Amino acid sequence: MIIAVSGKGGTGKTLVSSLLIKSLIGKDLDILAIDADPDSNLPEALGIEVDRTVGDIREELKKDTAEGNIPPEANKWDILDYKIMESIIETPEFDLLVMGRPEGSGCYCAVNNILRKIIERLSSNYDIIVIDTEAGLEHLSRRTTQNVDLMLVVTDPSKRGILTAQRIEELSEDLDITFKKQYLILNRVKTGNEDELLEEVNKIGLEIAGIIHEDELIESYDREGTPLINLPDDSQAFTSILKITEVFKGN
Ligand SMILES: Nc1ncnc2c1ncn2[C@@H]1O[C@H](COP(=O)(O)OP(=O)(O)OP(=O)(O)O)[C@@H](O)[C@H]1O
Ligand SMILES: [Mg+2]
Numbered sequence: 001m002i003i004a005v006s007g008k009g010g011t012g013k014t015l016v017s018s019l020l021i022k023s024l025i026g027k028d029l030d031i032l033a034i035d036a037d038p039d040s041n042l043p044e045a046l047g048i049e050v051d052r053t054v055g056d057i058r059e060e061l062k063k064d065t066a067e068g069n070i071p072p073e074a075n076k077w078d079i080l081d082y083k084i085m086e087s088i089i090e091t092p093e094f095d096l097l098v099m100g101r102p103e104g105s106g107c108y109c110a111v112n113n114i115l116r117k118i119i120e121r122l123s124s125n126y127d128i129i130v131i132d133t134e135a136g137l138e139h140l141s142r143r144t145t146q147n148v149d150l151m152l153v154v155t156d157p158s159k160r161g162i163l164t165a166q167r168i169e170e171l172s173e174d175l176d177i178t179f180k181k182q183y184l185i186l187n188r189v190k191t192g193n194e195d196e197l198l199e200e201v202n203k204i205g206l207e208i209a210g211i212i213h214e215d216e217l218i219e220s221y222d223r224e225g226t227p228l229i230n231l232p233d234d235s236q237a238f239t240s241i242l243k244i245t246e247v248f249k250g251n
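Per this note's numbering, the very first residue in the sequence shown carries number 1; after that it's consecutive.
See below:
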């Protein structure tokens, strides 16, 4: 099962991804978390330090090739594949792979192409892959999320957040990318604003999986740099995620 979390920048993709992973821990599942956002912050939310990303590996390989350190007969994809497997961070609860971005002016699409291959290659090694995607629509146009089973679109109550969610829905239709299931998650909702917001987002035509309210505890974790995965089991945000996962399971 491949789950991707998408939406406009800053709407809560990383919060949802990290709490989703928290909800899967302890269920005897092989879990892989992929941070596919070049402006990576999933490792911090999961409390993990990362020193080498796929972008770094690609740069190293480019440099080695330019300097003639790689025999011409070697298959570069095999080397890249080996190095990427090596860079997966393993913890007792889940594994983590961070895409990062190529240094300098390198085109980010190369990393996206690698990501698509990685997803294909690794999907049989894990029970669940959770991808924290790049903000916006690029992952669709570059088809990095084309094999995703469950697409979770996160929005906050802002007009631009909702517009991006709508565009994600429309673009996936235009590009003929069909997810087994696609849901909207409303984040940072203020108590009392639920009905008005629901009326507005219902127009997008995406099934709503649930609401996460604005939560002071998240803000204080942010201020102190505490990983969001350490939010208590009875916190508002985590209990909301548990309810949301019940909706997926129901389908
Ligand atoms: N429900 C919430 N209550 C309070 N703060 C929140 C809530 N959801 C997210 N935040 C805060 O809002 C900010 C953006 O959230 P997050 O990093 O999860 O979004 P993102 O979509 O991953 O952003 P980016 O596109 O920059 O990666 C973070 O500082 C996060 O802690
Ligand atoms: Mg993020």
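Even glycine gets a Cβ: it sits at the ideal position worked out from N, Cα and C. A quick note: this is a predicted structure, and the numbers were derived from the prediction, not measured.
For N187, the enclosing beta strand (DSSP E) has its first and last residue at K181 to V189. In the displayed model, L29 falls within coil according to three-state DSSP, outside both helix and strand. Only buried fits L42, as 16 or more other CB atoms lie within 10 angstroms of its CB. Per DSSP, I218 is one residue of the alpha helix (DSSP H) stretching across E216 to E224.
Between E169 and G210, the CB-CB gap reaches or exceeds 8 Å. Taken in chain order, the complete alpha helix (DSSP H) segments of 4 or more residues contained in the segment 42-110 are 42-46, 54-66 and 76-87. In this structure, the alpha-carbon of T164 lies about 45 Å from that of G68. Around A33, the same chain offers I21, F94, L96 and V130 as residues with beta carbons nearer than 6 Å, after the five sequence neighbours per side are excluded. Ranking A74, K8 and G47 by CA distance to the CA of P227 puts G47 first. Look at L150 here: in three-state DSSP terms it is strand. Listed as beta-bridge partners of E207 by DSSP are Y183. One thing to note: L15 has its Cβ no nearer than 8 Å to the Cβ of I229.
Between L61 and L122, the alpha-carbon positions lie close to 21 Å from each other.
DSSP places I118 in the helix class (H, G or I) of the three-state scheme. Put simply, the segment 44-59 touches the segment 85-92. At least three CB pairs are less than 8 Å apart. Looking at the DSSP output, D132 sits in a beta bridge with V5 and D35. Annotation for L242: S23 place their beta carbon closer than 8 Å to its own, counting only its chain and skipping 5 residues before and after.
Between M99 and A4 a beta carbon distance of about 13 Å is seen, past the 8 Å cut, so the two are scored as non-contacting.
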